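**Q** First to last, the sequence lines map onto chains Z and D. Take the numbering used here: the final residue in the first sequence is number 554, and no numbers are missing along the way. Take the numbering used here: the final residue in the second sequence is number 1886, and no numbers are missing along the way. For every residue, glycine included, the Cβ atom is placed at its ideal position computed from N, Cα and C. Note that the coordinates shown come from a computational prediction; the quantities given were computed from them, not determined experimentally.
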Amino acid sequence: MTQTSWESLSNQAVAAAGVVYFLALLAYLAEWALLRQVPVAATRREAIAVGGRAASDTATEADDETNDETNDASAASEVSSEVSEQRIAMAGRLGLLLTALACAVHLVAMVARGMAAEPHRVPWGNMYEFTLSGTFVVTLLFLATRRRFRTSWMGPLVVGFVLVLLMVAVLWLYQPVAPLMEALDSYWLVIHVVSAVIATGAFTLGGITSVLYLVQDRAERRGIEHTRGYLSRVPDTVTLDRVSYRMHAFAFPVWTFAVLITGPIWAHQAWASYWNWDPKEVWAFITWVVYAAYLHARATAGWKGRNAAILALVGVGTLWFNFIGINYFSTSSMHSYARADEAPALLTVATPGT
Amino acid sequence: MSEAPQRPGVRRPGELTARELARFAWRQLTSMRTALVLLLLLALAAVPGSLIPQTSVDSFNASQWKDRHETLAPLYEKLGLFDVYGSTWFAAVYVLLMVSLVGCIVPRCWHYARGIGAQPPAAPARLTRLPDHESLHLDQGDAAVLERARAVLRRRRYRLRRDVPQGADWVAAERGYLREVGNLVFHLSVIVVLVGFAMGNMLGYKGAVILRQGETFSNNLTQYDDFVPGSLFDASNLDPFSFDIEKFDVQWRPLGPNVRDAGQARGYQAHMVYRTSPGAAEQTYDLRVNHPLDLGSSEVFLVGHGYAPIITVRDANGDKAWTGPVNFLPQDASFFSFGVVKAIDAKPDPIGLQGFLYPYFASIGGDPVNLGGQDANPVISMNVFTGDLGLEDGQPQSVYVLDTAKMTQLMTKDADTGKQKPLRLDLAVGDTAKLPNGLGSVTFDGIKPWVRVQISRSPGKDIALGGVVLALIGLCGSLFVRPRRVWVRARPNPEGGTDVEVAVLDRSGGGDTSSVLASIVESLRPGAAAREEQT
Ligand code: HEM
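1. Hey, could you find the ends of the beta strand (DSSP E) D:ARG1665 is sitting in?
2. Between the stretch 1718 to 1744 of chain D and chain Z, which residues of the former have a C-beta closer than 9 angstroms to a C-beta of the latter?
3. Assign D:ASP1718 to buried or exposed, taking buried as 16 or more other Cβ atoms, counted over all protein chains shown, within 10 Å of its Cβ.
4. Say whether the stretch 398 to 409 of chain Z touches the stretch 436 to 449 of chain Z, bearing in mind that this needs 3 or more beta-carbon pairs closer than 8 angstroms, one atom from each stretch.
5. Is D:GLN1829 near the ligand HEM - that is, is its Cβ less than 8 angstroms away from at least one heavy atom of it?
6. Would Z:MET367 be called buried (16 or more neighbouring beta carbons within 10 Å of its own) or exposed?
7. Just verifying my parser: in three-state terms, what is the DSSP assignment at D:GLU1531?
8. So D:ALA1376 is in the beta strand (DSSP E); what residue range does that whole segment cover?
9. Which term fits D:THR1926, buried or exposed, when burial requires 16 or more other beta carbons within 10 angstroms of its beta carbon?
10. Go through its chain and collect everything with a Cβ distance to Z:ALA259's Cβ below 6 angstroms, but skip five positions before and after it.
11. Hey, how far is the Cα of D:LEU1529 from the Cα of D:GLY1825?
12. Helix or strand or just coil, what does DSSP make of Z:GLN286?
13. Report the residue from D:ALA1413, D:LEU1761 and D:GLY1723 whose alpha carbon sits nearest the alpha carbon of D:ARG1604.
14. Below 8 angstroms, how does it come out for the stretch 486 to 493 of chain Z and the stretch 1428 to 1446 of chain D: are there three or more Cβ pairs, yes or no?
15. Grab the span of the alpha helix (DSSP H) containing D:SER1451 for me, first residue to last.
16. Please confirm if D:GLU1650 has its CB atom under 9 angstroms from at least one CB of chain Z.
17. Z:PHE457 versus chain D: which residues are under 8 angstroms apart at the beta carbon?
18. Within a Cβ cutoff of 8 angstroms, which residues of the same chain sit near D:GLY1647, ignoring the five residues on either side of it in sequence?
19. Give me the Cα-Cα distance between Z:THR500 and D:ARG1384, rounded to the nearest whole angstrom.
20. Does the beta carbon of Z:THR345 fall short of 8 angstroms from some heavy atom of the ligand HEM?
21. When Cβ atoms are compared, which residues of the stretch 1862 to 1877 of chain D fall closer than 7 angstroms to chain Z?
22. Can you list the residues of chain Z that D:SER1807 reaches, using a CB-CB cut of under 7 angstroms?
23. Which residues in the same chain as Z:ALA224 place their Cβ atom closer than 7 angstroms to its Cβ, once the five residues preceding and following it in sequence are excluded?
24. Rank Z:GLY292, Z:VAL370, Z:PHE349 and Z:GLN237 by C-alpha distance to the C-alpha of Z:TYR228 and give the top, closest one.
25. Give the straight-line distance between the Cα atoms of D:VAL1435 and D:PRO1580, rounded to the nearest whole angstrom.
26. Could you tell me whether any non-hydrogen atom of the ligand HEM is closer than 8 angstroms to the CB of Z:ALA508?
27. What do you get for D:GLU1597, buried or exposed, if any count of 16 or more other CB atoms within 10 angstroms of its CB means buried?
28. What would DSSP say about Z:THR243, mapped onto helix, strand or coil?
29. Please report the distance separating the alpha-carbon of D:GLY1848 from that of D:ALA1495.
30. Nearest to Z:LEU234 by alpha carbon, out of Z:ALA215, Z:PHE361, Z:ILE288 and Z:ASN211?
31. CB D:VAL1640 to CB D:ALA1822, shorter than 9 angstroms?
32. With distance defined between alpha-carbon atoms, name the residue in Z:LEU513, Z:ASP478, Z:HIS496 and Z:ALA508 nearest to Z:ILE526.
33. When you measure from the CB of D:VAL1541 to every non-hydrogen atom of the ligand HEM, does any distance come out below 8 angstroms?
34. Would you be able to state if there are at least three C-beta pairs under 8 angstroms between the stretch 1829 to 1845 of chain D and the stretch 1530 to 1540 of chain D?
35. Look at the alpha carbon of Z:ALA344 and the alpha carbon of D:ARG1506, and state the distance between them as a whole number of angstroms.
36. Measure the beta-carbon distance from D:VAL1735 to D:LEU1761 and round it to whole angstroms, keeping in mind my assumption that it falls under 8 angstroms.
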């Protein structure tokens, strides 16, 4: 295959992944809509409140159990509720299946992108490629941790988020494949970016959990008991807080490794100075500090819970701002990522001060 | 009631002595809440430096910004906003944070050191009061159950409480002592990193120079184009190395409609010959991006490249007013470059040239086009000025900018319209153009590549790196070691067998204790031992 056909394969795969993500979203939304009609038995909510011990893998599976416990309901309504429970389970499984399929197509898009470059390379030379990789990791981590953290209920949010970012990438960030600029041609790039992208994915999932935490927290504070609909399937705040913490506790050391170890090592080799206060570095540092504050907040009376969740969202904000936004605010970044329409970073550096 | 006479040593309520006030302030400063607020403040303080060009990062950009914002610039200057990371207020935030950190962490180290041999606390009176507990009934006797519990917990690397009263009906165990160590190591490493970083900033330096192919550099201050020393840097101990740029090689992407980045540079290296000191033997090195040359405590990096056209300017008398290579600055990835020539010795008036270099010139439909960076068909295209170059008034001037304020531009008549237009000399290599009014001539003799190298010394970089690695290890300990306490109580049931209670307490607040509890309970059941031994 030629470079050009790899590139168009990649573009088609991105489009296909987008379509499948969209279908997954529809399936999840169908599940969501069906859920509105079926009240959740009080027993199940209690089971979740005890710390998720009895909450089973997916919300829909949990409902199968619930059915057994609500046998005293009238036979007629039981039949109809059983039918809709089955439909809910179907929709949920379909959503999951489509998400996994989309993730596989997404992977094809990334690999083809790397193959399109001459010489072949890792698919992260510019913002478009970073966003492609970052969103892929979000989906992958979601699929990988779904069972362990019992986070199937995050499906619609994850798919929605990934879909939006893919659209942003295709509409605004797209760039044709180009060879890596000289400074990016280093194996430190691979290590640095892989870890940064993994951390970004995990922080993003943590952020989504924190959003749900805030929503549930509001409901709990107002004494609203959701008995039907999506929120009734989302775990209580204690569980959400713990899942969110686990995601962040995983992401924070990885981020530390990416921006405070491999980043500086590579910067030292390429730019003669391991820390340049370049805007990208500054924002990576800001993100790091905000997440350190999040971890502190969880251990500080008066900051636990709600405030910590808000800090986690501030963290995600700085993270994605740095990923996409900072390039539009700052002119002096050396992280120019092989943009053909810009003077390569090294030339900018080559402009003497006076 | 009359006013009580004020005696020394008796205070009104609410009054604090200086010592108490200091202690109060210290306690506030070293509280978690303060640490949190200071962290957020640090994040906030770092923001402006990423939005306003920083002199230390990109002085060219910063000075351009200042020219564009005449009202804001002096105000920003006062606030240190062009050097945020060196400013007093930024330093104030991180110094406070470090003081708070030391004040918080050091006492915890003592505390921890004393507690390192501590035993797990005795079992609480009622295990069922703890949030995570389970009760079960086993057929064995209570002594056998407790023995089994001890074995199970020991195998899971729990520390067991030793001084249990004779005949006690419980077992107490704890694990995860390293979490606290991890936390302390992490925080102390932050200080190590800061020390390493500060060393680099104070004792190091960073300099850059543009060298044309064939030129020699020997390491002393006068040779640098720009030089940024650390605040405590002593220029007398520069390493005495020297090197020549023998040859500079670039691989160019070929031209063609299907080639990506046609005509751009891919892979380039400077072949250099160097000596570590004047008497030392010559050695060679191919300097490439990402592959710096280590020279004692200094390192040499390749950070950019470009072209220097060789230009000769003759004046009205036919004398050479300027001859030699002039560094042009690349404007884009195709090495379309800008530069100026200042022929100050020209008679009767100095001559200035300003214009562009097309390394790979082509005329497409009458328009000049640069096909790529390779110097396959170099053409310079220059405007000409005469008059005062502005060099006399002693003000330092950039060699890359022509100050045309007091100069007159040479004009010519447009062949088509008959109107006056600026004179432009388009010269290929070997061409000479005569200037109007017998002012002289300009010759384009050839072209030479230049490289920009950065030379820097960053002492303390290994300390900083070691510090971060240590911090990461500590962090992992702090985040992933789960400190837990487990208690098992066994009481004989009057109707036979034993009533067992198991409780687990997670002290980090983040753990999922239910699975731990379930697995411990599982191993206490008869048959579990046999099953475990089989595996
Ligand atoms: C540069 C400054 C600091 C950074 C980057 C930082 C970072 C962190 C991080 C990432 C954690 C999470 C580890 C964990 O959860 O165990 C943590 C925990 C902690 N930090 Fe800091 N910290 C800083 C300053 C401070 C200061 C000034 C104090 C004291 C007031 C402090 C006290 C603590 C304590 C007590 C914990 C443990 C919390 C717990 O038990 O979970 N830190 N810090």
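**A** Judging by the given coordinates:
1. By one-based count along the second sequence, residue 1665 of chain D stands at place 314. D:ARG1665 -> beta strand (DSSP E) spans 1649 to 1665.
2. Against chain Z - using a Cβ distance shorter than 9 angstroms - the stretch 1718 to 1744 of chain D contributes no residues.
3. Here residue 1718 of chain D refers to the residue found at position 367 of the second sequence. Exposed, since its Cβ has fewer than 16 Cβ neighbours within 10 Å.
4. Yes, the stretch 398 to 409 of chain Z is in contact with the stretch 436 to 449 of chain Z.
5. The count along the second sequence starts at 1 and reaches residue 1829 of chain D at position 478. Checking the sequence, you will find Ser at residue 1829 of chain D rather than Gln. Because some heavy atom of the ligand HEM lies under 8 angstroms away, the Cβ of D:SER1829 counts as near it: yes.
6. The sequence position of residue 367 of chain Z within the first sequence is 167, counting from 1. By the neighbour-count definition (other C-beta atoms within 10 Å, threshold 16), Z:MET367 is an exposed residue.
7. Reading the second sequence from its first residue, position 180 is the one you call residue 1531 of chain D. Reduced to three states, the DSSP call for D:GLU1531 is helix.
8. Numbered from 1 along the second sequence, position 25 holds the residue referred to as residue 1376 of chain D. Secondary structure note for D:ALA1376: it is in no beta strand (DSSP E), and the uninterrupted alpha helix (DSSP H) holding it is 1369 to 1380.
9. Since the first residue of chain D shown is 1352 and the last is 1886, residue 1926 of chain D is not available in this structure.
10. Here residue 259 of chain Z is taken as the residue at index 59 of the first sequence, counted from 1. In this predicted model, Z:ALA259 has a pLDDT of only 42, less than 50, meaning its place in the structure is not dependable; the value taken from the coordinates is given anyway. Excluding sequence neighbours, Z:ALA259 sits near TRP353 and ARG433.
11. Here the question's residue 1529 of chain D lines up with position 178 in the second sequence. Here the question's residue 1825 of chain D lines up with position 474 in the second sequence. D:LEU1529 and D:GLY1825: Cα-Cα distance of roughly 9 angstroms.
12. Indexing the first sequence from 1 puts residue 286 of chain Z at position 86. Z:GLN286 falls in the helix class under three-state DSSP.
13. Here residue 1604 of chain D refers to the residue found at position 253 when the second sequence is read from its first residue. Ranked by Cα distance from D:ARG1604, the options D:ALA1413, D:LEU1761 and D:GLY1723 are led by D:GLY1723.
14. Inter-segment contact for the stretch 486 to 493 of chain Z and the stretch 1428 to 1446 of chain D is absent: fewer than three beta-carbon pairs are separated by less than 8 angstroms.
15. Counting from one through the second sequence, the residue named residue 1451 of chain D turns up at place 100. In the DSSP assignment, D:SER1451 falls within the alpha helix (DSSP H) that extends over 1439 to 1466.
16. Position 299 of the second sequence holds residue 1650 of chain D. Cβ-Cβ to chain Z under 9 angstroms: yes for D:GLU1650.
17. Working through the first sequence from its first residue, we reach residue 457 of chain Z at position 257. Per Cβ cutoff of 8 angstroms: LEU1823.
18. As a working note, residue 1647 of chain D is residue 296 in the second sequence. The answer, listed in chain order, is ASP1590, PHE1592 and THR1627.
19. Walking along the first sequence from the start, residue 500 of chain Z turns up at place 300. Walking along the second sequence from the start, residue 1384 of chain D turns up at place 33. Straight-line Cα distance between these residues: approximately 7 angstroms.
20. Position 145 of the first sequence holds residue 345 of chain Z. No, Cβ of Z:THR345 sits at least 8 angstroms from all heavy atoms of the ligand HEM.
21. Under the 7 angstroms Cβ criterion, the stretch 1862 to 1877 of chain D contributes ASP1863 and SER1865.
22. Numbered from 1 along the second sequence, position 456 holds the residue referred to as residue 1807 of chain D. When 7 angstroms is used as the limit between beta carbons, D:SER1807 is near these residues of chain Z: ALA472 and SER473, in chain order.
23. Numbered from its first residue, the first sequence carries residue 224 of chain Z at position 24. Cβ within range, chain order: GLY295, LEU298, THR299, ALA302 and VAL359.
24. The residue you call residue 228 of chain Z lines up with position 28 of the first sequence. The alpha carbon of Z:TYR228 has as its nearest neighbour, out of Z:GLY292, Z:VAL370, Z:PHE349 and Z:GLN237, the alpha carbon of Z:GLY292.
25. For this step, residue 1435 of chain D is matched to residue 84 along the second sequence. For this step, residue 1580 of chain D is matched to residue 229 along the second sequence. Cα to Cα, D:VAL1435 sits roughly 18 angstroms from D:PRO1580.
26. Position 308 of the first sequence holds residue 508 of chain Z. Because no heavy atom of the ligand HEM lies under 8 angstroms away, the Cβ of Z:ALA508 does not count as near it: no.
27. The count along the second sequence starts at 1 and reaches residue 1597 of chain D at position 246. With fewer than 16 Cβ atoms within 10 Å of its Cβ, D:GLU1597 is classed as exposed.
28. Position 43 of the first sequence holds residue 243 of chain Z. With a pLDDT of 37 at Z:THR243, under the threshold of 50, the modelled position of that residue is not reliable, and the figure given next carries that caveat. Looking at Z:THR243 - three-state DSSP - the assignment turns out to be helix.
29. Within the second sequence, residue 1848 of chain D is the residue found at index 497, counting from 1. Within the second sequence, residue 1495 of chain D is the residue found at index 144, counting from 1. Computed Cα separation, rounded: 11 angstroms.
30. The residue given as residue 234 of chain Z occupies position 34 in the first sequence. In terms of Cα proximity to Z:LEU234, the closest of Z:ALA215, Z:PHE361, Z:ILE288 and Z:ASN211 is Z:ILE288.
31. Within the second sequence, the letter at position 289 stands for residue 1640 of chain D. Within the second sequence, the letter at position 471 stands for residue 1822 of chain D. A distance of 9 angstroms or more separates the beta carbons of D:VAL1640 and D:ALA1822.
32. Along the first sequence, one-based indexing puts residue 526 of chain Z at 326. When only C-alpha atoms are compared, the closest one is Z:ASP478.
33. To locate residue 1541 of chain D, count along the second sequence from 1; it is residue 190. Yes, the beta carbon of D:VAL1541 sits closer than 8 angstroms to at least one heavy atom of the ligand HEM.
34. Here the stretch 1530 to 1540 of chain D lies against the stretch 1829 to 1845 of chain D, with 3 or more beta-carbon pairs under 8 angstroms apart.
35. The sequence position of residue 344 of chain Z within the first sequence is 144, counting from 1. The sequence position of residue 1506 of chain D within the second sequence is 155, counting from 1. Using only the alpha carbons, I get a separation of about 30 angstroms.
36. Locating residue 1735 of chain D in the second sequence gives position 384, counting from the first residue. Locating residue 1761 of chain D in the second sequence gives position 410, counting from the first residue. Their Cβ separation, rounded to whole angstroms, is 4 angstroms, which keeps D:VAL1735 and D:LEU1761 in contact under 8 angstroms.
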